[in-house]
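K.L.:
The structure follows.
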Amino acid sequence: MAMNMPEGYLETRLIDPFEIHVGPVYEKGGKGAKRYALRVDDRHVNRRGVVHGGMCLTFADAALGQAAWDATDHAPSVTLNMQAQFLRGAVLGDLIQVKPELVRQTRALLFIRGDFTVQGETVFLVQSLWKLLGES
Amino acid sequence: MNQSTAQRLPADAENISAVGYNRHAGPFYRLAKDADDLGGRFAFIVQPKHLNNVGNIHGGLLMTFADVAMSRTARLAAGVESCNTVSLTVDFVGPGELGDLVVAQVRVTRRTRTLVFQTASIAIDERVITVATGLWKIG
Numbered sequence: 022m023a024m025n026m027p028e029g030y031l032e033t034r035l036i037d038p039f040e041i042h043v044g045p046v047y048e049k050g051g052k053g054a055k056r057y058a059l060r061v062d063d064r065h066v067n068r069r070g071v072v073h074g075g076m077c078l079t080f081a082d083a084a085l086g087q088a089a090w091d092a093t094d095h096a097p098s099v100t101l102n103m104q105a106q107f108l109r110g111a112v113l114g115d116l117i118q119v120k121p122e123l124v125r126q127t128r129a130l131l132f133i134r135g136d137f138t139v140q141g142e143t144v145f146l147v148q149s150l151w152k153l154l155g156e157s
Numbered sequence: 129m130n131q132s133t134a135q136r137l138p139a140d141a142e143n144i145s146a147v148g149y150n151r152h153a154g155p156f157y158r159l160a161k162d163a164d165d166l167g168g169r170f171a172f173i174v175q176p177k178h179l180n181n182v183g184n185i186h187g188g189l190l191m192t193f194a195d196v197a198m199s200r201t202a203r204l205a206a207g208v209e210s211c212n213t214v215s216l217t218v219d220f221v222g223p224g225e226l227g228d229l230v231v232a233q234v235r236v237t238r239r240t241r242t243l244v245f246q247t248a249s250i251a252i253d254e255r256v257i258t259v260a261t262g263l264w265k266i267g
């Protein structure tokens with residue numbers, strides 16, 4: 022997979038079996054300014070060669086979940102809600118990138134959004150809500 | 129799919145995971161239609177690959193299942209070959225685990241000339257684990 026690795030990116034260490042099944046995902050940059058990337062391959066697309074909405078959402082869950090993990094110095098959290106808008110399709114071979122943004126953090130909740138882009142154009146937008154485990 | 133898995137799905141369940149991501153993430157099944165034909169029922173059985181690291185169904189897989197079930201229902205409701213997801217909102221209400229039979233009930237709220245509005249309730253034995261709302265563009 023090294024030839025598919027985008028420049029400057031390192032492979033993210035995924036631990037969820039479903040993310041490992043659909044990955045790899047890549048990352049670069051420091052804490053609070055990380056970018057994540059997914060190279061669209063033939064496991065990610067529909068019969069028209071367009072990336073599947075479910076794959077977009079899974080990448081979003083993985084990337085924004087990594088951002089939650091980073092923001093909390095590795096506190097476990099679960100996805101409560103995700104809202105996505107799909108603006109245009111990404112196709113086989115595209116590199117989808119996102120720089121997750123922590124909008125707000127409370128004692129129990131994290132609000133995280135992301136613009137997912139291909140070559141600078143937004144492909145889909147996601148807003149998400151995460152629950153920190155162990156906080157009522 | 130092993131035999132015990134097959135036996136838990138209705139005999140007329142149709143595998144709708146033929147190609148690409150749908151096949152890689154699935155298999156997902158369409159169940160026989162109810163008398164109310166403005167909607168559809170779909171199912172899958174949780175496999176090891178569908179889980180997160182604490183043994184619950186991964187949120188990405190649940191969103192995938194919602195999108196697969198609702199996109200298929202949009203195409204059937206619109207009578208067209210292709211519909212595109214424009215927006216999808218998903219609430220994760222509760223967990224599911226390995227071996228569970230997960231069923232989605234999709235309802236068409238409204239269909240216009242160009243759009244299909246839908247909701248879906250995803251449950252394990254009547255216990256709702258996920259609810260989804262979305263908008264599909266016809267064609």
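Taken in order, these protein sequences are the chains called A and B.
Just so you know, we're using our numbering here: the first sequence kicks off at 22 and counts up by one.
Just so you know, we're using our numbering here: the second sequence kicks off at 129 and counts up by one.
Here a beta-carbon is modelled for each residue, glycine too, at the ideal position from N, C-alpha and C.
Between the Cα of Gly-50/A and the Cα atoms of Leu-131/A, Gly-155/A, Phe-39/A, Lys-120/A, which residue gives the shortest distance?
P.N.:
Here the question's residue 50/A lines up with position 29 in the first sequence. Ranking the options by Cα distance to Gly-50/A, first place goes to Lys-120/A.
K.L.:
Run through DSSP, which three-state label would Lys-120/A get?
P.N.:
Looking up residue 120/A in the first sequence gives position 99. The answer is coil: DSSP assigns Lys-120/A none of H, G, I, E or B.
K.L.:
With a cut-off of 8 Å, does the C-beta of Ile-117/A fall near any C-beta of chain B?
P.N.:
Your numbering for residue 117/A matches position 96 in the first sequence. False, the Cβ-Cβ gap to chain B never drops below 8 Å.
K.L.:
Can a CB atom of chain B be found closer than 8 Å to the CB of His-42/A?
P.N.:
What you label residue 42/A is simply residue 21 of the first sequence in a count that begins at 1. So yes, His-42/A belongs to the interface.
K.L.:
Check the Cβ-Cβ distances between Met-22/A and every residue of chain B, and say whether any is below 8 Å.
P.N.:
For this step, residue 22/A is matched to residue 1 along the first sequence. Confidence at Met-22/A is low in this model, with a pLDDT of 46, below 50, so the placement of that residue should be treated as unreliable; the coordinate-derived value is given next. No - not a single Cβ of chain B is within 8 Å of the one on Met-22/A.
K.L.:
Would Glu-209/B be called buried (16 or more neighbouring beta carbons within 10 Å of its own) or exposed?
P.N.:
Translated into the one-based positions of the second sequence, residue 209/B becomes position 81. When all chains shown are included, Glu-209/B counts as exposed.
K.L.:
Rounded to the nearest angstrom, how far is the Cβ of Met-26/A from that of Tyr-47/A, given a contact under 8 Å?
P.N.:
On the first sequence, residue 26/A is found 5 positions in, with the first residue counted as 1. On the first sequence, residue 47/A is found 26 positions in, with the first residue counted as 1. 6 Å between Cβ atoms; contact.
K.L.:
Residues of chain B with a CB under 7 Å from the CB of Asn-68/A: which are they?
P.N.:
As a working note, residue 68/A is residue 47 in the first sequence. A quick correction: the sequence has Arg, not Asn, at residue 68/A. Val-147, Gly-148, listed in chain order.
K.L.:
Indicate whether at least one CB of chain B lies closer than 8 Å to the CB of His-95/A.
P.N.:
Here residue 95/A refers to the residue found at position 74 when the first sequence is read from its first residue. No, its Cβ sits nowhere closer than 8 Å to a Cβ of chain B.
K.L.:
How many Å lie between Val-112/A and Val-66/A at the Cα?
P.N.:
Position 91 of the first sequence, counted from the start, is the residue given in the question as residue 112/A. Position 45 of the first sequence, counted from the start, is the residue given in the question as residue 66/A. Near 7 Å, if we compare the C-alpha coordinates of Val-66/A and Val-112/A.
K.L.:
Suppose the cutoff is 8 Å on Cβ atoms and the five residues either side in sequence are ignored; what does the same chain contact list for Leu-31/A look like?
P.N.:
As a position in the first sequence, residue 31/A is number 10, starting the count at 1. Hits under 8 Å: Tyr-47, Glu-48, Lys-49.
K.L.:
Can you list, in chain order, the stretches of the alpha helix (DSSP H) that have 4 or more residues and sit fully within the stretch 150-216 of chain B?
P.N.:
Counting whole runs of 4 or more residues, the stretch 150-216 of chain B contains the alpha helix (DSSP H) stretches 187-206.
K.L.:
For Pro-176/B, I'd like the list of residues in its chain whose CB is within less than 7 Å of its CB, leaving aside the five on either flank, ordered along the chain.
P.N.:
Stepping through the second sequence from its first residue, residue 176/B is reached at position 48. Within the same chain, Pro-176/B has close Cβ partners Leu-226.
K.L.:
Would you call Gly-207/B buried or exposed, if buried means 16 or more other Cβ atoms sit within 10 Å of its Cβ?
P.N.:
As a first step, residue 207/B must be located in the second sequence, where it is residue number 79. When all chains shown are included, Gly-207/B counts as exposed.
K.L.:
So for Val-71/A, helix, strand or coil by DSSP?
P.N.:
As a working mapping, residue 71/A is identified with position 50 in the first sequence. Of the three classes helix, strand and coil, the one that applies to Val-71/A here is strand, per DSSP.
K.L.:
If you measure from the beta carbon of Leu-101/A to each beta carbon in chain B, is any gap under 8 Å?
P.N.:
Translated into the one-based positions of the first sequence, residue 101/A becomes position 80. Judged by the 8 Å Cβ criterion, Leu-101/A is in contact with chain B.
K.L.:
Indicate the three-state DSSP secondary structure (helix, strand or coil) for Ile-41/A in the structure shown.
P.N.:
If you number the first sequence from 1, residue 41/A lands on position 20. Helix.
K.L.:
Quick check on Ala-215/B - is its C-beta less than 8 Å from some C-beta in chain A?
P.N.:
Along the second sequence, one-based indexing puts residue 215/B at 87. Correcting the residue identity first, residue 215/B is Ser in this sequence and not Ala. Yes, Ser-215/B lies at the interface with chain A (some Cβ there is under 8 Å from its Cβ).
K.L.:
Leu-108/A: buried (16+ other C-beta within 10 angstroms of its C-beta) or exposed?
P.N.:
As a first step, residue 108/A is located in the first sequence; it is residue number 87 there, counting from the start. Label assigned to Leu-108/A: exposed.
K.L.:
Please go through the same chain and pick out, in chain order, the residues whose beta-carbon is closer than 6 Å to the beta-carbon of Met-129/B, but skip the five residues on each side of it.
P.N.:
Position 1 of the second sequence, counting from 1, holds the residue named residue 129/B. With a pLDDT of 45 at Met-129/B, under the threshold of 50, the modelled position of this residue cannot be trusted, and the question is left open.
K.L.:
Going by the CB atoms, is the gap between Gly-114/A and Val-61/A shorter than 8 Å?
P.N.:
On the first sequence, residue 61/A is found 40 positions in, with the first residue counted as 1. On the first sequence, residue 114/A is found 93 positions in, with the first residue counted as 1. Their beta carbons are under 8 Å apart, which means Val-61/A touches Gly-114/A by this criterion.
K.L.:
Any beta carbon from chain B within less than 8 Å of Gly-29/A's own beta carbon?
P.N.:
If you number the first sequence from 1, residue 29/A lands on position 8. Not one chain B Cβ lies under 8 Å of Gly-29/A.
K.L.:
Nearest to Ala-129/A by alpha carbon, out of Val-99/A, Glu-142/A, Asp-63/A, Asp-82/A?
P.N.:
Start at 1 with the first residue of the first sequence, and residue 129/A comes out as number 108. When only C-alpha atoms are compared, the closest one is Val-99/A.
K.L.:
If contact is defined by three or more beta carbon pairs under 8 Å, each pair taking one atom from either stretch, is the stretch 129-139 of chain A in contact with the stretch 142-150 of chain B?
P.N.:
With a cut-off of 8 Å, the stretch 129-139 of chain A and the stretch 142-150 of chain B do not count as touching, because too few Cβ pairs lie within range.
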